[in-house]
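In my numbering, the protein residues as written are 420 to 688.
Cβ coordinates follow ideal geometry from the N, Cα and C atoms, glycine included.
Now the structure itself:
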């Protein structure tokens, strides 16, 4: 694949020796940090792009796709529970960190990532037919998420969250497909239940677990207007309701609120 993959921490560390942090007011330290970063960015002007540069520090519990570099980055901070368990079985880790990896990969082909080529250059490289089909399918995702109502009278903004929803759906699909390949190599694991759950069930439970959240209504209201991510509950229920594999894994009946009917399921990739 053309993606540049960065995992854990950079090969060269940023020199913070000129950044003064002390026990004074927090806001002063924050301003110094902002000035440090701004000065670092200014010094990059007119110089070759440093493709080894990281946009996050290693302790950050997050991951990202950078379209300008066509890179996917996974800092050390996210390589821990609930995203990654060193001693867990494949199903648990594929459902958690696997879905995160798939999420970032899918960003390379969402409404924004599709505008950049393999080298990170802004270029329209899709055929008109592919673009037309993508627009048609992505519109269905917008409609699906517009229907979600996390608070009375307040709905998810399907347009604002489109790219992240595409990545959420694509990410869990990629991770599930990868798990199936892993199980094909070790067929004895398919019949192995842990705590009464099959590998497929553990996969989906692990995926749901990474989005557990407690949030105040006031914060949720603010995020609905500013956050390009859907509320946590719909980052779980949205993608899984579109997957026939989820319905099969738990034996969910047609018509259940947990699944969408086959004719309404969204499938971009």
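In whole angstroms, what separates the C-alpha of residue 659 from that of residue 665? 6 Å
Can you give me the start and stop residues for the alpha helix (DSSP H) that residue 455 sits inside? 445-461
In chain order, what residues of the same chain have a beta carbon less than 7 Å from the beta carbon of residue 565, not counting five sequence neighbours either side? 574, 575 and 577
Just curious, the alpha helix (DSSP H) that residue 494 is in, first and last residue? Not the alpha helix (DSSP H): residue 494 falls in the beta strand (DSSP E), residues 490-494.
Can you pull the DSSP bridge partners for residue 590? Answer is none; residue 590 lacks a bridge partner.
Reference residue 428; option with closest CA among 443, 507, 478 and 534: 478
DSSP beta-bridge partners for residue 573? 570
Which residues in the same chain have their Cβ closer than 7 Å to the Cβ of residue 439, if we skip the five residues on either side of it in sequence? 451
For the region 484-556, which segments carrying the alpha helix (DSSP H) assignment without a break, of at least 4 residues, lie completely within its bounds, in sequence order? 509-512 and 518-526
Which residue from 482, 586 and 681 puts its Cα closest to that of residue 426? 482
Below 8 Å between beta carbons: does that hold for residue 586 and residue 529? yes
Bridge partners - residue 425, DSSP secondary structure assignment: 492
Based on DSSP bridge pairs, tell me the residues matched to residue 613. 616
From 592, 485, 642 and 531, pick the residue whose C-alpha is nearest to that of residue 569; which is it? 642
Residue 632: buried (16+ other C-beta within 10 angstroms of its C-beta) or exposed? exposed
Just the C-alpha distance for residue 720 and residue 435, rounded to the nearest angstrom, thanks. Residue coverage of the chain in this structure runs from 420 to 688, which leaves residue 720 outside it and unanswerable.
Tell me whether the beta-carbon of residue 487 lies closer than 8 Å to the beta-carbon of residue 421. no
Beta-carbon spacing of residue 685, residue 550 below 8 Å: no
Would you say residue 495 and residue 594 are within 8 Å of each other, going by their C-beta atoms? no
Give every residue of the same chain whose Cβ lies closer than 7 Å to the Cβ of residue 538, excluding the five residues on either side of it in the sequence, and list them in chain order. 489
I need the DSSP call for residue 480, collapsed to helix, strand or coil. coil
At the level of alpha carbons, what is the spacing between residue 442 and residue 449? 12 Å
Candidates 592, 608, 607 and 475, of which the one nearest residue 688 by Cα: 592
Shortest alpha-carbon distance to residue 557 belongs to which of 609, 546, 541 and 580? 580
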